[in-house]
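Chains as they are written, first to last, in the working numbering: chain A, 411 to 1049; chain B, 547 to 801. Ideal Cβ positions, reconstructed from N, Cα and C, are used throughout, including at glycine. The structure displayed is predicted, hence computed values, not measured ones. Structure first, then comments.
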Amino acid sequence: MWAISLRTLRDRWTLFVGALLSVALGVALVQSSTVLLAAAGRTHPAPGATPAEARAVRDTAEGVSSLMGISIVLAVFLSVFMIGSTLAFTVVERRRDLALLRLNGASRRQVRRLLVGEALVIGLVGTGGGVVLGLLATTVETRLVHRVGLDASLLHVGFPAWILLVDLGAGLGSALAGVLVASRRAGRVRPLDALRETGDERRVMTLGRWVWGLLLGVPAVVGAMLAQASGDLLVTIMVGLLVIVAGSIALQQLSPLVVPLVSRLFALPARRHVLSELAQAGMRDGVRRTATTAGPVIVLFGLVLGLLGIMATQTEATRVERIQQSSAQLVVVSDEDVSDRIRSTTGVAVVSPETEVSVPVQVRTPHGGWAPVEAPAVTAVDPAAYRRLTHQPLLAGGLARFEAGRAVLGPSAPEDGLGRPQAVRVGGVTLPVVARVDTTIAGGADVLVDRSDVPDSLLEHAPTTTFVGLERGASVTDVRQRLSGVGTVSTVPVWARGLAREQAKENNGVMAALAGLGGLYAFLSLVNAVAVGTAQRKREFAVARVTGASRRQVVAAAALESLGVGAIGVLLGSAVVAVCLLGLRHGIEASLGVPILEVPWTLGCFLAATALAAGAGTAAVAAWSATRTAPVRLVAARE
Amino acid sequence: MTELHPAPTLETAATTPALVLRDVRRTYGRGAGKVTALDGVFLEVPAHTWTAVMGASGSGKSTLLHVAAGLERADHGEVWLAGHDLTRANDRLLTQLRRSEIGFCFQSFNLMGALTAAQNVALPLRLGGGHVDKARVREVLASVGLADRARHRPRELSGGQQQRVAIARALVTEPAVLFADEPTGALDTASARSVLTMLRGLVDQRGQTIAMVTHDPAAAARADTVVFLADGRVVDRLDRPDPAGVAARLASLEG
């Protein structure tokens, strides 16, 4: 069967280009991510580094590790998914060839082996291409690490030989995993299919599609409903992500059911032009082809728009939250402690400075010992002023008892694993814990301490954010004027917006990369599905032309059909995004009391336009190519 | 005229027929769209003979061939080939039979475009497991007159040549029965004639059993027996046919 595998690949390589590219891309990403991951693992702070430098190095290593980890998982998953659907599609298009083999005495197992052989070759060739592409990918990913705010120059990036083994494993592994479904479908081809002209479009909704569609779809809907009920925002965001991924894939699996229903909606407004009728008929008749084309658009839309929508909504939520939790009128950001100068300014009533300090922290364990906290975020504040200007919900205790010699666990403490200790040791000084702040969307410190519990040297020339409360009747503009020389002065909303924007840049880099990855795969899959599907309709186009359609009309109808299918994909993808974002909005409303929904409209329109244009363009080109030969030759001859 | 006929009129003693169909029925569809393709067919194809099956379109002749060759399963009845009842055979047995006892050729040749003529011919042997006797492949290609075209791909061969390759492929495993579905339907007169002559030679010199479906009286007349199908049943039979006789019987059926 090997020789036949090779010959088939050589002869009908156009069918397999999509799968090949998917493998190459997957291997490239796995390679570059593994290289960077290994580098991060090898990177340690230099022995004589300051705590700040050490923290920077550790942050970079951690950040890169998690980013690359997610990237690898996503790359492998998407790779297998796209390869699987591409190969399964080619089986349908090659049914006649496979049936011929069966006719000549091939057993089902031999046909399955044929598919596996092809997948192995694709895996090998794709890995080769992927290794080369991976070198490029490493440069891109390093730049991405920079954009995220980490210092990539701290990493020691090398190219160890064992990476090639990883590449081979990823390439062959994803190809073989992807061919599982396709090979089983190939094995089910009957010898008689070689003689029948009509495509086997009967059972497009296989058991597998039902199972996956419901297995993922039901949790997605339930998840969306849960997100509405939950008050914990972090849970809401995680669930949002799951809803999008599961929902997009579920819709993709159920698309043979859903797409014809939705296409009927399009039938109503469309005028009775012959081309649109042809296009609709094609859409409805070629159910499998339509589903395979709409699928990637749904995933593209769902992943990209959904992820970015979550991020935008969350960023906006942090902005609102910060405003809600502060009753100050002004914020001063400075390079050193300027509380005295602010206090002496007319019109100022309350001055609440906050300075982040780098001191080691240990928490009291239940057994009575002390456990160190890794890379702790400690903020030194003035407890009395803090109480007056900052209002955050508490998990336990009360801020009334917060004073010198006491500590408060900040909003980031729960997720950083500090637990519920009775006391903490900050910079060697033991402080009993009097309160624990609830988690916030924006995050914050792990531990809050009184400024007097921290050596002055750490506070004098450290960057400080000072919240200012004004006397009753004082004019904000005037006080602002008077404080202008002290540092960067702004109102709380303006400050909050600035912070949100900074955070957005950091997060968007990550999400954009992940969304971009998924989008790229979906895009490839779309172009591939349209190209292959259209190319195989040669005879159908020939029949249309013999009946009187001009070549241009046939091409136009094909492009129109692709446009329609793309639009359906966009609609369904939007549905997934809507379900997820509405759930998030409700969750935020429960948390903050204000519903927040940020939809990246411009990106959405751009994506939709690109997907539609790509689909229609590919269809037009493929149809033009498929109508090259004189129609009569295809209609009369049977070979 | 649905009785079983005894062994044919050849010189050889009455041997077990190569192919027997007993009360074979096949319907398609359900309810209002139900179509009865075969409605109780009784047929015997004696070994080493050439039987042609004729009938108007819709008479069920293609279905008959498919069922006889194990490509489709009859709803009722028995199909005996090479000592096996095809109607009760599972997929593995059918696959094995396709490699050894059953050979097909069709109107549309059905060669694998990616393989050369020699590779197409060798395909059933390859699929049967392992070693291909190259000499045998050459011999079979030579017997259909295409020894010099072994390395050519189907698209480089004429229609007649492609059909010969298809027949060679069907014969390479020395099947008990060669099934031919309109073998000359896509060929010009000259090619058709040479293919039919070749088939005749295979029967006379090598004792090959052939079951052929055709609509062409001239093609049917080259066979030893012509069986006529109408409405899913065998309704007439003509031994030692001639073209005029066949045409006349066919016309009387349609009339």
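Is it buried or exposed for residue i, if we count other Cβ within 10 angstroms and need 16 for buried?
{"i": "B/Ala-790", "result": "exposed"}
{"i": "A/Lys-915", "result": "exposed"}
{"i": "A/Leu-717", "result": "buried"}
{"i": "A/Ala-660", "result": "buried"}
{"i": "A/Leu-545", "result": "exposed"}
{"i": "B/Gly-606", "result": "buried"}
{"i": "B/Pro-700", "result": "buried"}
{"i": "A/Trp-423", "result": "exposed"}
{"i": "B/Asn-636", "result": "exposed"}
{"i": "A/Leu-819", "result": "buried"}
{"i": "A/Pro-476", "result": "Per the sequence presented here, residue 476 of chain A reads as Ser, with Pro not at that position. Exposed is the call here."}
{"i": "B/Leu-565", "result": "buried"}
{"i": "A/Glu-528", "result": "buried"}
{"i": "A/Arg-816", "result": "buried"}
{"i": "A/Glu-551", "result": "buried"}
{"i": "A/Ala-1023", "result": "exposed"}
{"i": "A/Pro-782", "result": "exposed"}
Is the separation between the beta-carbon of residue i and that of residue j shorter than 9 Å?
{"i": "A/Arg-949", "j": "A/Ala-1033", "result": "no"}
{"i": "A/Leu-391", "j": "A/Leu-934", "result": "Because chain A spans 411 through 1049 in this model, residue 391 of chain A falls outside it and cannot be assessed."}
{"i": "A/Leu-425", "j": "A/Val-531", "result": "no"}
{"i": "B/Ala-797", "j": "B/Val-723", "result": "no"}
{"i": "B/Leu-692", "j": "B/Val-711", "result": "yes"}
{"i": "B/Val-718", "j": "B/Arg-682", "result": "yes"}
{"i": "A/Thr-849", "j": "A/Pro-873", "result": "no"}
{"i": "B/Ala-598", "j": "B/Val-759", "result": "yes"}
{"i": "A/Gly-597", "j": "A/Arg-519", "result": "yes"}
{"i": "A/Ile-720", "j": "A/Cys-990", "result": "yes"}
{"i": "A/Ala-509", "j": "A/Gly-705", "result": "no"}
{"i": "A/Val-483", "j": "A/Leu-715", "result": "no"}
{"i": "A/Arg-846", "j": "A/Leu-805", "result": "yes"}
{"i": "A/Glu-474", "j": "A/Ala-456", "result": "The identity of residue 474 of chain A in the sequence shown is Val, whereas the question assumes Glu. Contact flag unset, no."}
{"i": "A/Ala-634", "j": "A/Gly-976", "result": "no"}
{"i": "B/Ala-776", "j": "B/Pro-787", "result": "no"}
{"i": "A/Leu-605", "j": "B/Asn-666", "result": "no"}
{"i": "A/Ala-966", "j": "A/Gly-692", "result": "no"}
List, in chain order, every chain A residue whose beta-carbon is nearer than 7 Å to that of residue i.
{"i": "B/Asp-750", "result": "Ordered by position in chain A, no residue passes the 7 Å Cβ test against B/Asp-750, which lies about 27 Å from the chain."}
{"i": "B/Asn-636", "result": "Under the 7 Å cutoff, chain A gives no residues; its nearest Cβ is about 11 Å from B/Asn-636."}
{"i": "B/Pro-729", "result": "Near B/Pro-729 there are no residues of chain A at all, since even the closest Cβ is about 13 Å away, more than 7 Å."}
{"i": "B/Leu-617", "result": "Pro-601, Leu-602"}
Using a cut-off of 9 Å between C-beta atoms, extract the partners of residue i located in chain A.
{"i": "B/Asp-679", "result": "Simply none; closest approach about 16 Å."}
{"i": "B/His-612", "result": "Leu-602, Leu-605"}
{"i": "B/Arg-644", "result": "Arg-512, Leu-513, Asn-514, Gly-515, Ala-516, Pro-601"}
Can you give me the Cβ contacts of residue i inside the same chain, cut-off strictly under 6 Å, excluding the 5 residues immediately before and after it?
{"i": "A/Thr-728", "result": "Ile-851, Ala-852, Ala-910"}
{"i": "A/Pro-786", "result": "Val-771, Asp-856"}
{"i": "A/Pro-1041", "result": "Ala-952, Arg-955, Val-956"}
{"i": "A/Leu-582", "result": "Gly-533"}
{"i": "B/Cys-651", "result": "Ala-712, Ile-713, Ala-716, Ala-726, Pro-729"}
{"i": "B/Ser-646", "result": "Thr-719"}
{"i": "A/Thr-898", "result": "Val-743"}
Closer than 8 Å by beta-carbon distance: list the chain B residues that pair up with residue i, in chain order.
{"i": "A/Ala-516", "result": "Thr-641, Leu-673"}
{"i": "A/Thr-500", "result": "Simply none; closest approach about 14 Å."}
Which chain B residues are close to residue i, counting only those with a beta carbon under 9 Å from its beta carbon?
{"i": "A/Asp-507", "result": "Met-658, Gly-659, Ala-660"}
Among residues of its own chain, excluding the 5 on either side of residue i, which ones have a beta-carbon nearer than 7 Å to its beta-carbon?
{"i": "A/Val-896", "result": "Val-742, Ser-744, Val-748, Arg-751, Ile-752"}
{"i": "A/Arg-907", "result": "Arg-729"}
{"i": "A/Gly-929", "result": "Leu-710, Leu-713, Val-714"}
For residue i, which residues in chain B fall below 7 Å Cβ to Cβ?
{"i": "A/Arg-417", "result": "Ala-660, Leu-661"}
{"i": "A/Gln-520", "result": "Leu-673"}
What does residue i touch in chain A if you count any residue whose Cβ is under 8 Å from its own?
{"i": "B/Pro-670", "result": "Asn-514, Gly-515"}
{"i": "B/Phe-588", "result": "Residues of chain A passing the Cβ test: none, with the nearest at roughly 24 Å."}
{"i": "B/Phe-774", "result": "Those do not exist, as B/Phe-774 stays about 23 Å from chain A at its closest Cβ, beyond 8 Å."}
Suppose the cutoff is 8 Å on Cβ atoms and the five residues either side in sequence are ignored; what does the same chain contact list for residue i look like?
{"i": "A/Arg-945", "result": "According to the sequence as given, residue 945 of chain A is Ala; it is not Arg. Around A/Ala-945: Thr-424, Ala-1032, Ser-1035, Ala-1036."}
{"i": "A/Ala-1021", "result": "Val-707, Leu-710, Phe-711, Phe-933, Leu-936, Gly-976, Gly-979, Val-980"}
* To do: Would you mind listing the alpha helix (DSSP H) stretches within the region 826-883 of chain A that are 4+ residues and don't spill past its ends, in chain order?
  => The qualifying runs are 866-870.
* To do: At 3 residues or longer, and completely inside the region 450-499 of chain A: list those beta strand (DSSP E) runs for me, N to C.
  => None, since the region 450-499 of chain A contains no complete beta strand (DSSP E) of that length.
* Asked: Which runs of the beta strand (DSSP E) fall wholly inside the region 564-627 of chain B and span at least 3 residues, in chain order?
  -> Listed in chain order, the complete beta strand (DSSP E) runs (minimum 3 residues) inside the region 564-627 of chain B are 565-574, 581-591, 596-601, 622-627.
* To do: Starting from the N-terminal side, write out each stretch of the alpha helix (DSSP H) that is 4 residues or longer and does not extend beyond the region 924-1007 of chain A.
  => List check, alpha helix (DSSP H) in window: 948-956, 961-1002.
* To do: Go through the region 776-832 of chain A residue by residue and report every complete run of the alpha helix (DSSP H) that reaches 4 residues or more, in order.
  => For the region 776-832 of chain A, whole alpha helix (DSSP H) runs of length 4 or above, ordered along the chain, are 793-799.
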